[in-house]
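Residue numbers (my numbering): 2 to 170.
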């Protein structure tokens with residue numbers, strides 16, 4: 002690529018836009034890993050994201066009025082184990098829904114290489130804190146929450162570790 006500053010500027014704008022369009026956050030994250038030396042393939046990927054945004058300009062995160070007055074919090078949590086081909090680091094991710102509306106999400110590379118898949122999946126600690134904060138916020142607004150918040154994860158080992166950490170000491 003002749004002028005990498007154009008690529009860097011465009012990726013910076015896309016990072017800002019990803020705050021309101023979370024569906025592009027993953028690809029923008031991947032493209033931003035090559036800011037130091039972008040190639041033509043990276044620029045083509047960037048242009049593809051821009052074309053996608055042009056075609057979906059009327060799409061967005063919509064909050065719809067539900068049929069009931071009470072709300073339910075639930076989370077979907079997942080993590081991989083050393084799947085990044087570049088550095089073998091794990092990625093933990095979660096998304097929290099208030100009824101049918103997405104209200105919080107995170108996808109973050111862990112800062113160290115995990116020694117087991119169970120440790121790499123311990124994103125539950127972060128999501129539990131997030132759900133408790135959201136639950137407190139909703140209760141302070143005097144809005145009733147339907148049930149205890151539900152956290153869905155994909156591994157039995159994580160649930161076992163969360164329930165009884167003595168088995169994994």
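We put the CB at the ideal spot given by N, CA and C, even for glycine.
All values derive from a computational prediction rather than experimental measurement.
Using a Cβ distance threshold of 8 Å, residue 97 and residue 76 count as a contacting pair.
In this structure residue 80 is buried. Its beta-carbon is surrounded by 16 or more other beta-carbon atoms within 10 angstroms.
Here residue 38 carries a coil assignment [DSSP, helix/strand/coil]. Here residue 43 is buried. Its C-beta has 16 or more other C-beta atoms within 10 Å. The three-state reading of DSSP puts residue 47 in helix, counting H, G and I together. In chain order, 90 and 92 place their CB closer than 6 Å to the CB of residue 110, counting only its own chain and leaving out the 5 sequence neighbours on each side. Sixteen is the threshold: when 16 or more other Cβ atoms of the shown chains lie within 10 Å of the Cβ of residue 39, as they do, the residue is buried.
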